[in-house]
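Engineer: Shown below is the structure under consideration.
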Amino acid sequence: MRYHSTRNSQKFVQPSEAVLQGLAEDGGLFVPEYLPQLNFENWLDYSYQQIAQSIFEIFFSDLGKETISKILENSYGSNFDHLEIVPTHWLNDEKGFLELWHGPTLAFKDIALQFLPHLMQAAKQLRNDQSKILILTATSGDTGKAAMEGFSAVEDFEVLVFYPYQGVSSFQKRQMLTREADNVRAIAVKGDFDTCQRGVKDIFVDQNFNLKMAEQGYELSSANSINIGRLVPQMNYYIYSYLQAVKTNKISYGEPLNVVVPTGNFGNILAACYTKEMGLPLGEILLAANQNNVLADFLFDGTYNANRDLVKTSSPSMDILVASNLERYLYLKNPDSSWINTIMADLTNNGQFSVPEQFLDIKAAWADETETSKAIADVYNSYNYLIDPHTAVAYVVAEKLVKNHKTLIASTASPYKFITKVLDSLQLETPESDREAINKIAKVIDAENPTIPATVEKLWNLNQDEEIIIEKKNMIQAINEQIFGNL
């Protein structure tokens, strides 16, 4: 397998190069040269790890079978609190939640970010790369801590996370400001997620800064889903969950299974699109948005318009107006680099672009805060099952768009991460301290045997860093101060 930029289909790189580089030199995103056609029915008896092995041998082919096997041993084991890694909880015969939050930071980002550090280390060794890697990551809440956890104490890697000031939940902030190693740290940026993401992208293409970094023996890379090493691991859980639905007699092989994905940066839903293109018999792929419904509007009429105010919601991982991975989706639908360059320039210069409607094959809907709260309460009262606000948004969209059809809802975060919204939705008083609120959530989940996840308990046993708050224009200065002293 080789990769090329969405903005230049003539220049190819090996998988290890794409992973280490993160973003292509021209500002585009790396995409695979082709998507193979696979008979997934032959994989029915595969474990999650065996599915991952098979996919990674295709998409990270230059690493070799043995190296990939070793990486997987270190990526998916006791660091997840469920043997299946990504179990499905079926509410009834029609709807199930694909639980993607059993990793160490309680969010779906762990699936890729427990794997990515080992992948990048192997890629460095393969390429005999002696430089240190600085991982720059913009986060809307979950990616930041997942990256910090994954790369914690990993030799030759530094991680600097930028998150929107006052734009993440109190639990997410505590996660990012609580660390166990000196090579990972987080900084708040005044603005929203798009401010952070734009700042990181600007730094990637700043040639002067990159040259100065090279002089210090450093290279830049990313742990955001702009990195293909983040995207590919997300394909595995759609394959696994479909095959598990077959094995548990929820569906027959070949029967379409709808997937509803709460969507911010378009990476998670793109992974579903890729697996469907490769032959997985998914039914409709449905996008769920919150009040920042720029993607839902786009999929309705073909016009992407980011010229609107960002709304802070209870589902902050979806509080995004410029979805980076949409560029990969558009290239999938129309693999024309010159066209991609044109519409991305329109987005940069004008904040909007339009595409022909035949390129849009994803249905979408969105949920407001009232609908989100009602969904949390309805699911709990009807099924004694607690969901977080992002999952609730997806549940609302499933109720709106799907009738009488087997549907899998991507449950992307644990309710422990959004305690205030969850308790408010259940019309329960929220205690003043997060610690007391955590105890209350545990009792809601299981009144007879309330058990707090060990990864949550740990947060209150570690020192919390003081919050550093900067302007976007000072992001490079912050890197200099935090990583290098001064360049």
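-17 is the number of the first residue of the sequence shown in this note's numbering; add one for each residue after it. We put the CB at the ideal spot given by N, CA and C, even for glycine.
Do the segment 144 to 161 and the segment 185 to 202 make contact, defined as three or more Cβ pairs closer than 8 Å?
Structural biologist: They do not touch, by the three-pair rule.
Engineer: Does the beta-carbon of GLN179 have 16 or more other beta-carbons within 10 angstroms, so that it is buried, or is it exposed?
Structural biologist: The residue labelled residue 179 in the question sits at position 197 within the sequence shown. Burial call: buried.
Engineer: Go ahead and pull the three-state DSSP assignment for GLY85.
Structural biologist: The residue given as residue 85 occupies position 103 in the sequence shown. Here GLY85 sits in coil by DSSP.
Engineer: With C-beta atoms as the reference, is ASN247 less than 8 Å away from PHE90?
Structural biologist: Looking up residue 247 in the sequence shown gives position 265. Looking up residue 90 in the sequence shown gives position 108. Not a contact, by the Cβ cut-off of 8 Å.
Engineer: Helix or strand or just coil, what does DSSP make of ARG(-16)?
Structural biologist: As a working note, residue -16 is residue 2 in the sequence shown. In this structure, ARG(-16) counts as coil in the three-state DSSP scheme.
Engineer: In chain order, which continuous runs of the alpha helix (DSSP H) of length 4 or greater are located wholly inside the segment 170 to 229?
Structural biologist: If we require 4 residues or more, the alpha helix (DSSP H) runs fully inside the segment 170 to 229 come out as 175 to 186, 189 to 197 and 210 to 229.
Engineer: Among all the DSSP beta bridges, which residues are the ones paired with TYR145?
Structural biologist: On the sequence shown, residue 145 is found 163 positions in, with the first residue counted as 1. Partner(s): ALA170.
Engineer: On a Cα-Cα basis, can you pick out the residue from LEU342, ALA227, ILE322 and SER336 that is closest to LEU281?
Structural biologist: As a position in the sequence shown, residue 281 is number 299, starting the count at 1. Of the listed residues, the one whose Cα sits closest to LEU281 is LEU342.
Engineer: Judging by CA-CA distance, which residue of ALA395, GLY211 and TYR16 is the nearest neighbour of ALA374?
Structural biologist: Working through the sequence shown from its first residue, we reach residue 374 at position 392. Considering only alpha carbons, the answer is ALA395.
Engineer: Is DSSP giving THR394 helix, strand or coil here?
Structural biologist: The sequence position of residue 394 within the sequence shown is 412, counting from 1. Coil, per DSSP.
Engineer: Secondary structure at HIS64, three-state DSSP: helix, strand or coil?
Structural biologist: The residue you call residue 64 lines up with position 82 of the sequence shown. HIS64 falls in the coil class under three-state DSSP.
Engineer: Among all the DSSP beta bridges, which residues are the ones paired with LYS258?
Structural biologist: On the sequence shown, position 276 is the one that residue 258 refers to. According to DSSP, which records beta bridges pairwise, LYS258 is partnered with nothing at all.
Engineer: Can you round the beta-carbon distance between GLY4 and ARG(-11) to whole angstroms, since I take them to be within the 8 Å contact cut?
Structural biologist: Counting from 1 along the sequence shown, the entry for residue 4 is found at position 22. Counting from 1 along the sequence shown, the entry for residue -11 is found at position 7. In fact, because the Cβ distance is near 15 Å, the residues do not count as touching under 8 Å.
Engineer: Whole-angstrom Cβ separation of THR87 and GLU140, contact assumed at under 8 Å?
Structural biologist: Looking up residue 87 in the sequence shown gives position 105. Looking up residue 140 in the sequence shown gives position 158. The pair is not a contact, with the Cβ atoms about 19 Å apart (cut-off 8 Å).
Engineer: Where does THR324 land, buried or exposed, given buried means 16+ other C-beta within 10 angstroms?
Structural biologist: Counting from one through the sequence shown, the residue named residue 324 turns up at place 342. THR324 comes out exposed.
Engineer: Identify, in the order they occur along the chain, each residue of the same chain with its Cβ nearer than 7 Å to the Cβ of ASP27, setting aside the five sequence neighbours on each side.
Structural biologist: Along the sequence shown, read from residue 1 onward, the residue named residue 27 stands at position 45. So the list is empty, once near-sequence residues are dropped.
Engineer: Between the segment 373 to 389 and the segment 260 to 275, do three or more beta carbon pairs fall short of 8 Å?
Structural biologist: Yes, the segment 373 to 389 is in contact with the segment 260 to 275.
Engineer: With 16 as the cutoff for other CB atoms within 10 Å, does SER207 come out buried or exposed?
Structural biologist: As a working mapping, residue 207 is identified with position 225 in the sequence shown. Flag for SER207 reads buried.
Engineer: DSSP on LEU159, reduced to helix/strand/coil?
Structural biologist: Reading the sequence shown from its first residue, position 177 is the one you call residue 159. Looking at LEU159 - three-state DSSP - the assignment turns out to be helix.
Engineer: In terms of DSSP beta bridges, what is VAL(-5) paired with?
Structural biologist: Numbered from 1 along the sequence shown, position 13 holds the residue referred to as residue -5. Answer is TYR(-15).
Engineer: Hey, could you find the ends of the beta strand (DSSP E) GLN340 is sitting in?
Structural biologist: Locating residue 340 in the sequence shown gives position 358, where the first residue counts as 1. Neither: GLN340 is in no beta strand (DSSP E) and is coded neither H nor E.
Engineer: Would DSSP call VAL13 helix, strand or coil?
Structural biologist: Locating residue 13 in the sequence shown gives position 31, counting from the first residue. Strand at VAL13.
Engineer: Note the first and the last residue of the continuous beta strand (DSSP E) segment covering TRP72.
Structural biologist: Stepping through the sequence shown from its first residue, residue 72 is reached at position 90. It spans 70 to 72 - the beta strand (DSSP E) in which TRP72 sits, taken as one unbroken run.
Engineer: How about TRP25 and SER43: do their beta carbons lie closer than 8 Å?
Structural biologist: Taking the first residue of the sequence shown as 1, we reach residue 25 at position 43. Taking the first residue of the sequence shown as 1, we reach residue 43 at position 61. Not a contact, by the Cβ cut-off of 8 Å.
Engineer: Assuming VAL242 is part of the beta strand (DSSP E), what are its boundary residues?
Structural biologist: One-based indexing of the sequence shown puts residue 242 at position 260. Residues 239 to 244.
Engineer: For LEU469 and SER336, what's the separation of their Cα atoms in angstroms?
Structural biologist: Reading the sequence shown from its first residue, position 487 is the one you call residue 469. Reading the sequence shown from its first residue, position 354 is the one you call residue 336. Because the pLDDT of LEU469 is 47, which lies under 50, any placement of that residue in the model is unreliable, and the number read from its coordinates should be weighed accordingly. Whole-angstrom Cα-Cα distance: 42 Å.
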